[in-house]
Structures are given as structure tokens and as C-alpha cells.
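A quick write-up on the structure given underneath.
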Amino acid sequence: MGGRERAGLLFTAPWLLTFAAFGLFPVLFSLGLSVSRFNPTHPDAARWVGLANYRELLTDGTFWQSVGNTLFFAVGTIPFTTAIALAMALLVHARPPASGFFRTALFVPTVVSLVVVSLVFRYIYAPTGMLNAILSRVGVEGRAWLQEPDLALPAIMAMDVWAAVGYYMILMLAGLKAIPREVYDSAEVDGAGWWTRLVHITIPCLRPILLFVIVINTIRSLQVFVEIVVMTQGGPLNRTLTVVYYLYETAFYKLRMGYGSAVAYALFAVLFLVTLVQLRLLRFGRAVGD
Amino acid sequence: MTGAARGFSSAWMLAALLLTGCARQPDERTGVVFWHFWPKPVIQPILDQFEADHPDLRVESQQLTWQSGFEKIVLAFASGRVPDLCELGSTWVARFASEGVLTALDVPPDSLRQSVLLSEPGVYRDRVYALPWLVGTRALFFNRALFRRAGLDSGRPPETWRELLDAARRIDALGPEIHGFGTNAGERHVLYKKFMPFAWGNGGRILDDGGTRAVFDSDENLEALEFFLALAKASLIEKQAVLDQVFKEGRIGMLLSGSWNLKSIPEDAPSLEFGVALVPRPDKPSGEHVSFGGAEMLVIPAASDQPDAALELARFLAEPDQAWRIADEVRSVWPAARRAEERLSGLGPEAAVFVAQMQTARTPPADPRWVEIEAAIDTHLERALYGRAAPAAALGDAQRDIERILGS
Amino acid sequence: MKRTLVLLALVFFVLTTLVPLVWMVSMSVRGEAVLIRGLGDLIPSEPTLEHYRAVWGESAFARFFFNSALVAGLVVGGNLVFASMVAYGCARLRMRGSRVLMATVLGMLMIPKQVTMVPLYVLMSWLHLIDTYGALTLPFMVDALNVFLVYQFLQTVPPDLEDAARIDGAGEAVVFFRIVMPLIKPVLAVVGINTFLVNWNSFLYPFILTASEEMRTVPVGLALYAQGQYSIDWGSLMAGSVLSVVPVLVVFFLFQRQIVSGLTAGAIRG
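Residue numbers (my numbering), protein chains in the order written: chain A, 17 to 306; chain B, 748 to 1155; chain C, 110 to 379.
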């Protein structure tokens, strides 16, 4: 082992230990759980069952419903979060007066705990809540946002976009600042309009940031959980049941931790594939300096 | 090792040492670890009193959240790091008892039933595994002002299903913002508590007397469900918190709810004229005013090494004087000891109705698979409520699910 | 004209952003418990600070705040140093299997916490770390995402300065702390914000891994204080949340230029 490599090992040793203990061990353990029958109140009775849990997943209608809901959630929030964050960043970047205030104000939702945000929105969405009150002022009829099976998940999605945009806006703002003025100036000289500039200059220059935002957003939204626990608990009619919520109910309330782990690893497999595809499609490989 | 490396490792070790916490002072008393769901100002005086009465014991109290506390209990059992005494909802005791992870208490079931309410959920295979601590039930809240507006006698709340349906329809017709009744949906663990009283009152059951066969798709349950759905047409369908809130705003005629409202209505809506009545019974002579009863129970995990001290603490907590300290604060429950009922009656006519209702309150079957059965019932009831399934089909689907659960 | 449009659009966004937040603050200074119905109810008639006093005084909030701040500080600091160390080790010091490690690290982000909760708790219990600052910090000292970020960033930084330093005889530690760390400041800004935000509001693990009141962080303490079985103490919950959010915002407002320019410098390299 060369000196460089020895130093490399030393540098990573403390973390490797922590990683092995607190990162790897729980993952391997739960992987083992996914091929067992494990009742957490009775851990001694755990039994190996091979792939039985995974086979059961294939025919579990509720699981597939949760998959559908989760995909709907992801596909329905990521484009909006990205687009709105970009729009906000572009607006702030245009240097209006008091841009510092605007930046901070738009960032606030991200800083508030998601549990608190979910509780607040549970009341804003109530039939007698603020949203219906505002709508009635403009003559639109109020709805039972969290109670109607078709509206509950979109309502939660809207809240999620509201809460997440500020953070991504800051990242995009940083990206925008990095684009040199000269690029825009020469485009203007060539007679390029606002939209052309956006599509052909801004977005390509922001590609690394956009990629980061989309990948992270995907990983987080496919694991949506807290909002569901606080606001709807999977209902009504399981229309807001997401994969992680299903796994949590199965593991802790049906006391089937083995099966719950299998659900988790099924989700993991999907996420891994999706992320790989995203990285490939958005050509991240190039930046990895091969 | 290079100087830098040595520096790293010692820094790391120092950090590790610091982070493992300071050592605690040695204490001569025996520690009893107690997990519960109540806030410190409410529970601490009780525990201080216990320690004063038992100088050789010290209570380590830990508060759990209502939302995530149950996960923590499950984790405790999974890791073997269990408390000595734990508060557990009555619907869970049978499950834990059947796994063999609870200590059987040296109390005969019959004598327990004579001294406390709702002891049945804590009994498994003829042995007592849980001590009832705090109990509660649901009754019919009605808005007297809305009754008058609808031309009904505000001093005569509905007693039978027909009267209830009639009152609900009349009140519902008063205006677009007014609802006759409040029906629960969209939450876990609630819907069956509002439906089963009607089913039970009509003679319907979930399991047969032996507790081995599902009898959920009976004619009695079908009648109850059809009635329940008719009632829902004149209702606001929402979560419990919203229903309570809208009732306080004076826009719901009647509602099945719990005694926590006896505290919160005077606080939040002092001008609301309301009354409480027994859950209406079916019109037929055999119909009964039945309601749902639930209890917070105290269990001793089998892995605890202080079972005797834990039992001492449990008995102390269940004494009416001690349990009243919590009940007075929250009003959603009252002590399980039968002696405590006199005091509850004395708190006012509304409270007295709750006491009367408790006489005919039923608990769900004390079956280890209850939580899954409950989920199946809730799922199919909700489908019927939202019009996705006809009542008979919904009951049939629930029956099949319950049979499957019992069989596996 | 264009400037007015920009301003109008921004004001629109800010209004939609602020309404729920104004709701929160309003609930925190409201005397009566009646929930707000319409926009007209947003401004309370008689604002009061009783909820703030109650939360601060009765619920040992000061202690929760101290714990949250300490834990967040340790975890952010730990990530800044250790995540960078690992990323550096993988990127520069040609460790064997570093690509596999990176893939594993990224994969860990995709496994839901709910499923690793049990083994982690068992491990903590076995190490006697339950209810200590160790439980609140050690598992989070090096976050997978941060390692990944620094690793990616390092790919775009040429190693010339480091090689030059080594030729001059500097040891690895000196190279890392004196040369590399200043070079990666931009990505460290992202690491810092990310880690802080996630950690400050984290509820599940701090709840699971602690037992006593002294060890509670703000989210846990607030939940135990304000959320009852059938009701929520809105005044206290909102007051506590505002107290929890304001310091973070003040810091952000004061340092936003630095944060954004730090992010900017690193932005183009992603």
C-alpha cells in the first residue's frame, strides 16, 4: 500500500467505522428482515422465509395502490417545484428593490418543520378553514379538500410544493448569478428575445443545479411520509396511502416488520433505477471526470 | 503513526468519550421505569406522591406522544429495552398478551370486573394482563338551539333511530351551512367506534360468543349500516377534530363524541346551548342504547425486572384520587375504578349521561388480531360511506377479510 | 414596465407564501382559542404574549433550544469536516473501491428511515447510547448526501495546488486542511445549509433515541407539550414554532449574501 493509499484509509477510517455501525449495519439488518417473518414484539420468534415477502408484494393490491399514489405524487410535484423555483429565482435575480427581503420571505416555508406545516395546512384545508374562506370571497365554492378521495392527494401535493420551493429557489438563484453577463449581452445583440434567452442560455447553464434539484426532489418525494401521517393517514379510501406510509403501518401497526422491510427494498430498487436513468439521461456522467 | 494521525485519533476518542454522556449519581432506591402519554405537570404530582409513600422506590417517567408513542413501545419490545410499567390502549392488550410478552397479573378476572370498568380487554385466556386505568365512552351531543329552530323539542333528544333520523333531516334542511349529524371519515381508528354502537344496539356482533367465528355480515349489522348511511346523507362527513369544531360553531345538530367536549365547549364556545344523551337505540323492543368503550390500561412487560414494584405503581395510579388528577385535567377519560363514577355524576347532568352510557358500553372483541380486523371493518365501512360499495357488499367484503384474518 | 411586472409577480409569490405563515404567527398571539376562519380574522383583536411565556417558562423550552442548537452545531461541524475527509479520500487518495463506496453512499439515501429504525435503536441500546448526545449526533455525523456533494465538487477541482504542496513536503493533513478545505468552500456552504435544515427540524430519531426531558430537542419537546390526545394547544405550538424558526431566519437574512455567493461560486461545477 502506497503512502497515499494509507493516508486515504486513515482519512476515511473514523467515518468508515461510523458508517459501518450506524449506516451499513441497520441496512443489512433490515435487508435480512425483508427475507424473514419478524414480529417486533416477539423478536425471538423471527424466522427465515426466503423470498415469500417479495412474492406476496406482487399480489398485494394495497401495495400497488400505494405505488400508484406515490408515483402520482412525485410526477405531480417535481415539475411544479422545479418550474416555480426557477421562476422565483429569475424574478429575484432581476434585482428588484428589497430583493433581500423577498429572498428571505420566500425561503421561510422551508425552515418551518414539516410536521408543523402539515398541521397548519390540515386546518387551512378544513371545510371551515382559510382556503374555503378565501375562495368564497371570489365566488368559488369551498370543498372538503382532505376528505374527498380525488382531492386529498392533490391538496397535499400543493402544500408540499409550497413548502419546498424556497430551498430550491436559493440554489437556482446561486446558479443564475454564476452565469456571466457577457453571455446574455451578446445574445441580446444577436436579437434574442426573453424566451429564447431562457431556453437556450439560462437553462443549459443551470443544468448541474437543475439535475441536483430533480434528483434530490425525486428521492425525497418518492419517500413522502410525514404529511400523510399528520393529515390523512392514508385515507380517504387509501387514496393518499404512499409506499413509506404503507411500510410504516405494516411494520408498526400490523407488526409485520419483515414484510414492511420488503416494501422498503422494493421502493429502493425503484428509486435506484429511476435515479440511474435520470443521471444517464441528464448526462451527469460527464461531470464525474472520467 | 504520523503526528497528524495521532492528533486525529485522540480527537476522535475524546469526542466519543464526551458524547457518551456523563455518569449519573448513584441512587440507593430501586428504579421503576414508567412510560405514559401524559404531560409532566399532570403526572408528576402523582409520581411524587408515590415516591413519598414508597421511600425505597424511584419512578423514571417518560412521556410519549400520542402520534408516535406507539412506535416507541414497539421498538422497546423489539430491542428488549422495555419499561417496567407501560400505558397501552385497550385494543392492543390482547395482541401483546398473546405474544407472551406481558406479565400475567395475580388478580382473578371476576374480582377485577367487580371493582373496575372495562376490564375485559385486559383479560386473555382467563388471565389478567392489564389493569384498567382511565376509561371513556361516546355519547350523543345535540345542539338545543338548532333543535328549536327545526321545530323540535330541545328538552327531548332523540331516543330511537327513527327520531334521530327525523331530527337530523329536519336540522339539515335548515340551510346550506347547517348539518343534521356529524359522521366520521378520513381517519384511522375512529369510524368503527361510531358505527358499532348502532350495530351492537341492534343485536349485531363482529365475532360470535366463542370469539372464533366472524358474524359480521348479519342482518342486524346490515340494518344498522343502512340506517347509518341514511344518517350520513344528512351529515357533515369529516374528521373528529373538524366535527367537534363545527359543532362548537353551532352548525351541526347532533354528533357522537367524547367527554373531552365537556371541558372544551365551555372554554371555546361558552354560549353554545348543548345537551348530551344516550346513543339512540333501534325502534324494535330489543334495541339497546349501546356505545363504544375504550380504556387506557397499564401493562407490565414480561422482560421487566421490577414486576412487583411496577404492580405497586399501577395500583397506586389506578386509585380514584390519583387517577382523577389526570381526568380533571383532560376530561376525555375518567378513572376506571367503579367507585369513581359517583364523582363523575356529580359534575353535572352531561357527565351523568356519560356514566349511564358507560353501563352499556361495549369494547371490541379482545382478540389478538383485533387491530387488523378493525382496519378491515374501517376500510369497507368507508367504501360504503363514499358510495363505492353497496351496504350488503361492503359487509360481505369485510366478513371475508375478517375470516381470512382469523384463519391465518 | 418590466420592473413593475417583476415586482408584482414577486409580491404575488410572497403573498401566497406568507398567508399560512401569518396564520401561524396570528395563532401564536391569539388569546381565545377560536380557530381563524377568514382573512379578516387574521389580525387578533387583543394580541397576547401568554403563549410565548407559557412555552418558554413551562416547557423547559430553553433547554430544548440549547439541545437543538448543540446537536445541530455538532452535526453540521462534523459533516463539514468528516464528510469532506471521506470525499477527499475517495476522490484524491485513490482508495480502492471508492466508486463502489460512492454508489453505496448514494443508495443509502433511498432507504426509508422507518425500516432502519429498529436495528439502529437496538444498536444504540446495546452501546448504551440511548438518551445521550451521542445518540443524537453520531449516526448523523457523516451524511451520505454531503459526501456525495463534496465528491462531485472535487471532481471539478484540479489537483495542482495539492500536488504542489506535497512536493514542497507538506503532510496529508496539512494539504487537506490548508489547501483543500478553502478550495471547497462553495460546496461546504451547501453542505452546511442542507445539514442544518434537516437536523434542526428532525423529529423521529430524536424522539426514538431519547428518554428524559433534559435530552429533548425543540421538535420533540413541542410535540410532547402541545399535542394532546384529542386536541392541540395551538397557541403554544405556534409560539414554539415561531421561536424555533426566527433565529434561523435572522441568521439567513444577515448572511444571505455570503451564502448565495458561496453557492454561486460552486454552482457552475454542480
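A virtual CB, placed ideally from N, CA and C, is assigned to each residue, including glycine.
The structure displayed is predicted, hence computed values, not measured ones.
query: Going by DSSP, what residues sit across from valine 779(B) in a beta bridge?; result: Val806(B)
query: For the region 254-267 of chain A, which residues have a beta carbon sitting closer than 7 Å to at least one beta carbon of chain C?; result: Val260, Leu263, Tyr264, Ala267
query: Tell me which residues share the same chain as valine 1100(B) and place their Cβ nearer than 7 Å to its Cβ, disregarding the 5 neighbours each side in the sequence.; result: Ala886, Val1023, Ala1024, Leu1025
query: Taking Cβ-Cβ distances shorter than 9 Å, what residues in chain B pair up with tyrosine 161(C)?; result: None at all; the shortest Cβ gap to chain B is about 18 Å.
query: Shortest alpha-carbon distance to arginine 197(A) belongs to which of Tyr184(A), Met175(A), Cys221(A), Ala180(A)?; result: Cys221(A)
query: Just to confirm the assignment: which complete beta strand (DSSP E) runs, minimum length 3, are found wholly within the region 295-369 of chain C?; result: none
query: Report the start-end ranges of each beta strand (DSSP E) in the region 983-1045 of chain B that is 3 residues or longer and not cut off at the edges.; result: 999-1005, 1021-1024
query: In chain order, what residues of the same chain lie with their CB nearer than 6 Å to the CB of phenylalanine 843(B), ignoring the 5 residues before and after it?; result: Leu849
query: Since threonine 258(A) is in the alpha helix (DSSP H), which residue starts that stretch and which ends it?; result: Looking at the DSSP string, threonine 258(A) is not in any alpha helix (DSSP H), and its letter there is neither H nor E.
query: So leucine 333(C) contacts chain B; which residues on that side make the cut at Cβ distance below 9 Å?; result: Pro786, Lys787, Gln810, Leu811, Thr812
query: Along chain A, in chain order, which residues have C-beta atoms closer than 8 Å to that of valine 989(B)?; result: Ala142, Pro143, Thr144
query: In its own chain, which residues sit with a C-beta less than 7 Å from the C-beta of proline 792(B), not counting the 5 before and 5 after it?; result: Arg1072
query: Compute the distance between the beta-carbons of glutamine 814(B) and tryptophan 785(B), then report whether it is under 8 Å.; result: no
query: Using a Cβ cut-off of 8 Å (strictly closer), state whether glycine 207(A) contacts chain B.; result: no
query: Would you say glutamate 155(C) faces chain B, with C-beta separation under 8 Å as the test?; result: no
query: Run through the DSSP bridge pairs and tell me what alanine 1108(B) is partnered with.; result: Ser1038(B)
query: According to DSSP, is alanine 194(A) helix, strand or coil?; result: coil
query: Please report how far the alpha carbon of cysteine 769(B) lies from the alpha carbon of valine 989(B), in whole angstroms.; result: Unreliable placement is indicated for cysteine 769(B), whose pLDDT of 48 sits below 50; no coordinate value is reported for it.
query: Any idea if valine 359(C) is buried or exposed, counting beta-carbon neighbours within 10 angstroms, 16 or more meaning buried?; result: exposed
query: Could you tell me whether the Cβ of lysine 1031(B) comes closer than 8 Å to any Cβ of chain C?; result: no
query: Candidates Pro1017(B), Val993(B), Glu1150(B): which alpha carbon is nearest arginine 1116(B)'s?; result: Glu1150(B)
query: Against glutamate 301(C), what residues of chain A qualify as contacts under a CB-to-CB distance less than 8 Å, listed in chain order?; result: The sequence given here places glycine at residue 301(C); glutamate does not occur at that position. Within 8 Å Cβ-Cβ: nothing; glycine 301(C) doesn't reach chain A, min ~13 Å.
query: For a contact meaning CB atoms closer than 7 Å, what does alanine 1108(B) contact in chain A?; result: The contacting residues do not exist; alanine 1108(B) stays about 24 Å from chain A at best.
query: Using alpha carbons as the reference points, say which of Val83(A), Arg22(A), Ala105(A) lies closest to valine 115(C).; result: Ala105(A)
query: Would you say phenylalanine 96(A) reaches chain C, if we count a Cβ-Cβ gap shorter than 8 Å as a contact?; result: no
query: Quick check on aspartate 1148(B): does DSSP put it in helix, strand or coil?; result: helix
query: Run down chain A in chain order and give the residues with a C-beta less than 7 Å from the C-beta of arginine 79(C).; result: Nothing about residue 79(C) can be read from this structure; chain C reaches only from 110 to 379.
query: By DSSP's criteria, tyrosine 139(A) is part of a beta bridge. Which residues make up the other side?; result: According to DSSP, tyrosine 139(A) bridges with nothing at all.
query: Check the Cβ-Cβ distances between alanine 770(B) and every residue of chain C, and say whether any is below 8 Å.; result: Here alanine 770(B) scores only 48 on pLDDT, less than 50, and its place in the model should not be relied on; the value that follows carries that caveat. Not one chain C Cβ lies under 8 Å of alanine 770(B).
query: Using a Cβ-Cβ cutoff of less than 7 Å, which residues in the same chain neighbour tyrosine 141(A) once the five nearest sequence positions on both sides are dropped?; result: Leu147, Trp161, Leu162, Ala171
query: Which residues share a DSSP beta bridge with proline 1082(B)?; result: Leu881(B)
query: How would you write the range of the alpha helix (DSSP H) that glycine 187(C) sits in, first residue to last?; result: 170-187
query: Name the chain D residues whose beta carbon is nearer than 7 Å to that of phenylalanine 361(C)?; result: Protein chains in the displayed structure are A, B and C, and chain D is not among them.
query: Distance, Cα to Cα, glutamate 159(C) vs valine 289(C)?; result: 51 Å
query: What does a CB cutoff of less than 7 Å around proline 904(B) pick up in its chain, not counting 5 residues either side in sequence?; result: Leu887, Phe889, Gly1022, Ala1024
query: Excluding five sequence neighbours on each side, which residues of the same chain lie with their C-beta closer than 8 Å to the C-beta of valine 283(C)?; result: Ala274
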